[in-house]
Every structure is written in structure tokens, then in C-alpha cells.
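In this text, residue positions in the sequence shown follow this note's numbering: the first is 150, and each later residue adds one. Below: one structure, written as C-alpha cells.
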Amino acid sequence: MAALSPTFAAPDAPAARAVPVATGGPATAYAPSVTLPLRFVLTGLAALWVVVFLLAARPDILAGYHYNQYTVAATHLFVLGFLSSVVMGAMYQLVPVALETRLHSERLARWQFVLHVVGAAGMVWMFWRWDLKQVGHFGSVLAAGVALFLYNLGRTLRTVPRWNVVAGGITSALIWLALTVLAGLVVATAKCTYDSVNTLAPANPLRPMLQVLQATATWVNRFDALAVMHAHAHLGSVGFFVMMIVAVSYKLVPMFTLSDLQNERRAAAAVGLINLGLAGLFVTIALRSAGKLAAALVIVAGLAVYAIEVCAILRARKRRVLDWGLRHFLTALGLLGLVTLLGLILCWPGLPATRLTTQLETVYGWLGLTGVVTLTVLGFLYKIVPFQIWYHRYARHVGRSRVPALADLYSERLQVAGFGLVLAGLLAAAVGAALGHETATRGGVLVLLGGLAAFTMNLGLMFRHFWRPRLEPLGGPAPTTATPSHNS
């Protein structure tokens, strides 16, 4: 969100100083209403609390075999309820601002929020009950919301004044999201029975639709059910989440470090290789083909090129000290290397299906979603949310009153503690899951819960300024804050 202000990427001015800024800059020109992305973010964080409590109560979800109704329900709560909600909200804020255009329609975004919440909540509940017919119904509601999201951002991207690798990467992620949802609906279709087709009159308008669904189910059931589920999962995790991280980081990392994208061709090559590899990986996983290793290596090549570009950006940075928000992100990239290695091992031809290897599949998904994606999300939220709140409450008062600095909206000590607890907890839970040890898994999840509590406390400190802005006259004493001042 650094693009919201010309001075956002620079070190914060002391709270006691009044620094005039242009309030008619990119933020007011392109940013949507502050409540639009925040409703998605807060909903996502509420879902995260629910799923972490669930894992603490039911560690067997991680410590046991992953192909069961409870693991599927918890995974969709995490992916749809938490990650998708937060990422979608961030995209409504980031795409217009970073690409210097206006969001096509905030009204459509609000409708999408309703459909997303209803669809995701219903799907999770029906997965828990293993009522796959109702999963399909609620999945259709979710898909309608995703369609609005894709249409809204698609129309927004059409107005981008200059197409670049960021826009291309975001477009790729949106295409993979559409394919992920479509694949999910097809999988749900295959799990249902259609005995009622033969009892319907030929003139019944439902008969042709049910016949199409029946034919789809027959075709999908020719494939191995577990392989199809894994292929679907990779479409979403690599195609939507990892691709979105890659694309967005090309904009945010230079902003937050006072640097520039160093080689756009190299950046575009990374996006292209990941896209190419994922297309091959989806097909080869679904077919249980040994060629999935070759496809995975193409993705690895893309990620390696991406890592080279990120390193080049960091070497060219003007801000030498990296804040903790960026350290979240860089730690996530380190975990991505570990996840990539684990993925290559799991797709090795002839790997025997033992208790350890099946548990490593769970660890692979856990580290990918909780380690790579969640750490990135939490790190960037420490950059995004404070600025949204600061700009909404304080930007118009700059030059007229003393206002807090961005860094004064939350506590760095809580941020560091939360980071350490989240990292330690997710790694401990991963070890417990690999060993199939429920007590160790629960212990790791409880540590993770402590990190989430620290993040939530910091979020509360931020929103205290949203509800009760703290302004002081220019001639008065500097405002005192409950949190230490530091560079953002």
C-alpha cells in the first residue's frame, strides 16, 4: 500500500512534528472506501481464530490422514474463510492503487462479500457433515461471488494505463482462481448421485441440467479421487496464492525498501515459468503421471528466478534496515524453499505410500498455507492496515494538528513476539503432524494461537485510532502513545 502516499515508504516522521503532505495524491484518486477491504480482512481473521481453535481442540485433523471430512472442512475454512477473504480484500485496495486506476465497482464488491461469506460458511459446515449435495449448492453461491470478484477486477485491469509484470501476474492469479473454483464444483458434482434423473418427466426443465451433471460425474469418477483433490488443491495454492504473492511483491517490496524492480524480463520469466509448470502439474497429478516431477521442476525454476529478482531488489534498496513486516515476508520465502523441496520429494516417481509419506503430504500443505501464505499475509497486513487507518483518520489533519506516526499505531514488541510465536508454533505443529503425534501437534497449535493473540492485540491498537483518533494542537506537547515509535 505504499503507493497510497509519496512518503509511505520513507521512515516515519516523529509524532511531534507536523509534516505537510499532498492529500490529493494517489490515495484519494484511486483507493476505494477504507471499509471495503477491512470488512474482508476482519472476516478472514475471525475465520483464522475459528480454525486455529478447531485444530487445538482436534489435533487429529493434522496428526491423522488428511483425506477425511474434518480435514477437508478445516482446510476450506482456512483457505476460503481466512486466506481468500484477506487476499480478496487486499486486492480491492491494492489493484487500483498499485496500477493507478479505479476499482470498477465498490457496490459489486459489497455484494461479493455477502456471497463469499454465505458460500464459504455453508461449504465448511456441509463438508463437516459430509453432505456433498449441499456443498455443491453453497459452492455455487461462493462461485457466484468469485465471478463478481473476477468481473470487478477484470474490468478494473482493463483500464490500467500501462500494462506491466504486476498486472500480468495478478491476471494469471485470477485465471487460476477461476479454474480452481470450477475444478472444485466439478469435484463436488462427482461426489453426488443422480438417481432422480430417471424419475423426471422428459419435459421437466431440470432433467437436462441433471443429465449434464450426471455425465460430468461419470467422467470425473474415471480419475483417482485423491489425485483429483490434490490437483485441485495445487491450482488454488500455487496458482492463486503463490502467484498473487509473486505479482504483488514485485510492487510492494520495492515500495517498502525504497528500491525498484531490477529486471522486468526476469520478473516476467518467473511468472511465465510458474504458469507453465502449474498447467503441467495439474494434468500430471490428476493422471497420476510420473511427469509431475518434470512439471514441478519447471515451477521450481520459476521460483528460483523470482528469488533472484527479489534478492536483486533488496541489494539495490536505499532503506538498509528491514522492518518486521518485511521479515515476515522473507521468512515466508525461506519456508517456500523448504516446501518446494518437500514437494519434489513427494512427487518423486515410485515413492512408496507409507504412514510417513502420507503424513508428509499433510505437512507439505500445512507449511505451504500456514507458513508461506499466512506469514506473507500477516507481514503485509502490518504494512496495509496501519496506513489504511492512518490515512482515513489522520491524513486530512496533517499540517493542522499533531498526528501519530504510522509506527505509533501498534507495538513493535507485540509484532516481534507474535512473529516468533507463529513461526515456532507452525514448525512445532508440522513436526507433530509428521510424526502423527496429537499431543505435539496440539502444543504447536497452542503456541501458534499465542502468536495470533499478539497479532490481534496489535490489530486492536490500530483500530483504537480508527474509532478514537488522537489529535493534539500543534503548539501543545507531543502526544503520548502506548506503543513505542519505530520505523515502519
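C-beta: ideal position from N, C-alpha, C; glycine also.
The shortest CA-to-CA distance from Ala327 to any of His614, His225, Leu299 and Gly569 is the one to Leu299.
Our two residues, Val447 and Thr489, have alpha carbons roughly 12 Å apart in a direct line.
Using a Cβ distance threshold of 8 Å, Phe604 and Gly567 count as a contacting pair. When only Cα atoms are considered, His379 and Gly440 end up about 15 Å apart. Just measuring C-alpha positions, the residue of Leu620, Tyr531 and Leu505 sitting nearest His586 is Leu505. A Cβ-Cβ distance of about 39 Å is found for the pair Ala573 and Val547, leaving them out of contact under the 8 Å criterion. Below 8 Å, too few C-beta pairs join the region 232-239 and the region 204-221 to call them touching: fewer than three. Beta-carbon to beta-carbon, Gly528 and Gly474 are separated by about 5 Å, close enough to satisfy the 8 Å threshold. Assignment of alpha helix (DSSP H) within the region 275-322, counting only whole runs of 4 or more residues, yields 281-307 in chain order. Residues of the same chain with a CB within less than 8 Å of the CB of Tyr513, apart from the 5 flanking positions on each side, are Val488, Leu491, Gly492 and Leu495 in chain order. In this structure, the alpha-carbon of Gly317 lies about 11 Å from that of Val395. In this structure, the beta-carbon distance from Gly285 to Leu334 falls below 8 Å. The Cβ-Cβ distance between Leu211 and Ala578 falls below 8 Å. The shortest CA-to-CA distance from Thr507 to any of Ala195, Thr192, Pro181 and Tyr214 is the one to Tyr214. Cβ atoms of Leu452 and Leu485 come within 8 Å of each other, at about 7 Å.
For Ala339, the closest alpha carbon among the candidates Asn313, Asn347, His383 and Ala374 is that of Ala374. Closest in C-alpha terms to Val263, from the list Leu297, Leu248, Ala554 and Ala195, comes Leu297. Within the region 411-481, the runs of alpha helix (DSSP H) that reach at least 4 residues and sit entirely inside it are, in chain order, 413-435 and 441-464. In the displayed model, Ser550 falls within a strand according to three-state DSSP. Judged by DSSP secondary structure, Arg591 falls within the alpha helix (DSSP H) whose first and last residues are Glu587 to Trp616.
In the DSSP assignment, His253 falls outside any alpha helix (DSSP H) and carries neither an H nor an E. Non-local C-beta neighbours of Glu255 in its own chain, meaning closer than 7 Å and more than five positions away in sequence, comprise Pro181, Ser182 and Leu185, ordered along the chain. DSSP places Lys532 in the uninterrupted alpha helix (DSSP H) bounded by Thr523 to Tyr543. Arg551 sits buried, since 16 or more C-beta atoms from the chains shown fall within 10 Å of its C-beta.
Rounded to whole angstroms, the separation of the alpha carbons of Ala589 and Phe431 is 33 Å. Going by DSSP, Phe202 is part of the alpha helix (DSSP H) stretching over Thr184 to Ala206. In this structure, Pro618 places its C-beta atom within 8 Å of the C-beta atom of Arg542. The residues Ile434, Ala435, Leu436 and Arg437, in chain order, have a CB closer than 8 Å to that of Ala376 in the same chain once the five nearest residues on each side in sequence are set aside. Note that the region 415-424 touches the region 452-466; at least 3 beta-carbon pairs, one per stretch, sit closer than 8 Å. The three-state secondary structure of Pro501, taken from DSSP, is coil. Within the model, the alpha-carbon separation for Trp277 versus Trp198 is close to 17 Å.
In this structure His225 touches Val273 by the C-beta definition: roughly 5 Å separates them, less than 8 Å. Rounded to the nearest angstrom, the gap between the Cα atoms of Trp312 and Lys400 is 13 Å. If you draw a 10 Å sphere on the C-beta of Glu413, you find fewer than 16 other C-beta atoms in it, and that means exposed. DSSP, read as helix, strand or coil, puts Pro622 in strand. The beta-carbon separation of Ala322 and Met393, rounded to 4 Å, stays under the 8 Å limit for a contact.
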